[in-house]
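Participant: In this text, residue positions in the sequence shown follow my numbering: the first is 470, and each later residue adds one.
Submitted below is the structure of interest, expressed as structure tokens.
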Amino acid sequence: MIAHILSTGDELLQGQIIDTNSGFLCNGLKEMGIQVQKMTSVGDDVESMASAIQEISVQADLCLVTGGLGPTGDDLTALACSKAAEVRLELDKDALASMHAYFKQKGFQWSRANEKQAMLPVTSTMIVNHSGTAPGFYIKINTCLFVFMPGVPSEMKMMFEQEIKALVKQKFGLDQDILIQRFTIFGLPESMVGSKLKGFERKFPYMQLGFRVDFPVIEVKIMVKPSHASFQDRDNTDSDMARAKHWVMEQLGDKVVSACGSSMAREVGDLLTRAGQTLAVAESCTGGLIAHMITNEPGSSDYFLFSGVTYSNAAKINILNVQEETLVKYGAVHEQTAIEMARGARRISGADFAVSTTGIAGPGGGSVDKPVGMVCIGLAGPSVSMARTCQFLLNDRDKNKKIFAATALDLLRRHLISPGETA
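Structure, rendered in structure tokens:
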């Protein structure tokens, strides 16, 4: 199968926004066993869009299109599609009904201007938008099935997951997705992860590895293609996947944060939940990033009690009860300060565990003794009160904050798994 992706919008060509939709769709199709052959971006011009659609219609079997389905004058995708397909636009009653239902559910005021979004090519079929106002639609033009989705990432993703995947499977007779096993890795560069997993393809010949960096973690994927004959025997495939998973975990050891692709924060949350324990954080250099990571996970209110961003020395003293003598003697970036910050957060919140960060994110503010990229992490709990100093050679403030936060959560994760190793 030949698959293309077409993204529309002047803002893409002008660099105002980054096209994350195409990456998401490429990955989504790959997991269905479909490899995207080409990606194209066009601006908000009817002739340009119609020309691109006509060209793709004789080259591809499937094309996913994003953007240009809104109510404003520059939302021209449906019109361009009708021009390319040589059919007229008309008010689609199903699309209009779905929009009215959505407006009523959300309590939005209806405007006649929104009817533009229900004007679809006459030979197309509407696709319900469960998280926005603009319906999608699909249509066959020449040899290609075109599927049109909103450009808003959250709307596009939900439509793809809830509607498009099933549609594509049904239209192209795809019975099964690629079998995938995901791992989250922390503490190794991508090159070393690849080196440690060298020889995987020889050991498991009908599987392949995939790597994706989402700094500071790396996602490793084992994939089994449904086109391989052995895939039809699911019991054997599951058994082989279990062996492959075990082999990967043996090679990467304690650098595997999750054997199912969960985030660092999700793993910590699961460990706390299973133990019936709670967490507080005290942050200086990470500025609330740890709390953000934790609270991004559903259910975090069950175990997360308190976050304090104590950036100044006065806040560390007055809120966390860090001793003034400690700051005078050692400074803000020191293990003793980190320990007292963690103890203070635990005392204030009543949490079982607390982690703290104090460091130098840069790009300025470093010294010979305390260079940019240095962080002190504190951990306090029922049977632990300790700190670690780490140094990262990154002259990038954003990256330093991310790796500081991940390292703090990883220290807690390791303690929750094996208390004796960090006590």
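For glycine and all other residues, C-beta sits at the position ideal for the given N, C-alpha and C.
Just so you know, these numbers come straight off a predicted model, no measurement behind them.
Where R735 and D683 are concerned, what is the direct C-alpha to C-alpha distance, given to the nearest angstrom?
Facilitator: 15 Å
Participant: In angstroms with no decimal places, state the Cα-to-Cα distance between Q504 and M810.
Facilitator: 50 Å
Participant: Kindly indicate which residue of V841, G833, V853 and A830 has the alpha-carbon position closest to the one of V824.
Facilitator: V853
Participant: Jot down the residue ranges of each uninterrupted beta strand (DSSP E) in the region 530 to 582, minimum 3 residues, whole runs only, in chain order.
Facilitator: 531 to 535 and 558 to 560
Participant: Assign E624 to buried or exposed, taking buried as 16 or more other Cβ atoms, counted over all protein chains shown, within 10 Å of its Cβ.
Facilitator: Of the residues assessed, E624 falls on the buried side of the cut-off, its CB having 16 or more other CB atoms within 10 angstroms.
Participant: Output the boundary residues of the alpha helix (DSSP H) element that contains F641.
Facilitator: K634 to F641
Participant: State the DSSP-derived secondary structure class of V726, mapped to helix, strand or coil.
Facilitator: The answer is strand: DSSP assigns V726 an E or B state.
Participant: Hey, F655 and D879: beta-carbon distance below 8 Å or not?
Facilitator: Yes.
Participant: Under the rule that 16 or more other beta-carbon atoms within 10 Å means buried, what is A698, buried or exposed?
Facilitator: Because A698 sits at a pLDDT of 48, beneath the cut-off of 50, its placement in the model cannot be relied upon, and the point is left open.
Participant: Strictly by DSSP, which residues pair up with R681?
Facilitator: E688
Participant: One question on the structure: do V726 and V689 come within less than 8 Å of each other, judged by their Cβ atoms?
Facilitator: no
Participant: Would you mind reading off the limits of the alpha helix (DSSP H) that contains Y780?
Facilitator: Boundaries cannot be given for Y780, as no alpha helix (DSSP H) includes it and DSSP labels it neither H nor E.
Participant: Which of the three DSSP states, helix, strand or coil, is assigned to M518?
Facilitator: helix
Participant: Should A751 and G813 be called a contact, given that it needs their Cβ atoms to be closer than 8 Å?
Facilitator: yes
Participant: Using beta-carbon positions only, say whether K585 and P540 come within less than 8 Å of one another.
Facilitator: yes
Participant: Return helix, strand or coil for L881, following the three-state DSSP convention.
Facilitator: helix
Participant: Which residues bound the beta strand (DSSP E) around S887?
Facilitator: Here S887 belongs to no beta strand (DSSP E), and DSSP marks it neither H nor E.
Participant: If we call anything under 8 Å between Cβ atoms a contact, is I474 one with E480?
Facilitator: E480 is positioned such that its CB atom lies no closer than 8 Å to that of I474.
Participant: To which residues does DSSP link Y607 through a beta bridge?
Facilitator: T594 and V616
Participant: Can you tell me whether DSSP reads T826 as helix, strand or coil?
Facilitator: Strand.
Participant: Compare the C-beta of E659 against all C-beta atoms of chain B and say whether one is closer than 8 Å.
Facilitator: Reference to chain B is not applicable here, since this structure consists of a single protein chain.
Participant: May I ask you to verify whether the region 515 to 527 touches the region 557 to 566, counting CB pairs closer than 8 Å and requiring at least 3?
Facilitator: no
Participant: My output table needs one value for M676: the three-state DSSP class, helix, strand or coil.
Facilitator: Taken through DSSP and simplified to helix, strand or coil, M676 comes out as strand.
Participant: Using a threshold of 8 Å, state whether the C-beta atoms of G502 and L589 are closer than that.
Facilitator: no
Participant: Have a look at the DSSP bridge pairing and note the partners of K507.
Facilitator: Paired residue(s): H473.
Participant: Just to check my reading of the structure: E766 and G738 have Cβ atoms closer than 8 Å, yes? What is that Cβ distance to the nearest angstrom?
Facilitator: 5 Å
Participant: Are the beta-carbon atoms belonging to F673 and A713 less than 8 Å from one another?
Facilitator: Cβ distance < 8 Å, so F673 and A713 count as in contact.
Participant: In chain order, which alpha helix (DSSP H) runs of at least 4 residues are fully inside the region 788 to 874?
Facilitator: 793 to 799 and 804 to 818
Participant: Beta-carbon separation of F629 and V534 under 8 Å?
Facilitator: no
Participant: Opposite L589 in the DSSP bridges: which residues?
Facilitator: Partner(s): E559.
Participant: My understanding is that T827 touches C754, with C-beta atoms under 8 Å, so please give their C-beta distance in whole angstroms.
Facilitator: With 8 Å as the limit, T827 and C754 qualify as a contact, their Cβ atoms being about 6 Å apart.
Participant: Output the boundary residues of the beta strand (DSSP E) element that contains F655.
Facilitator: Start and end: L648 to F655.
Participant: Taking the continuous alpha helix (DSSP H) assigned at L666, which residues delimit it?
Facilitator: Segment: none, L666 is in no alpha helix (DSSP H) and carries neither H nor E.
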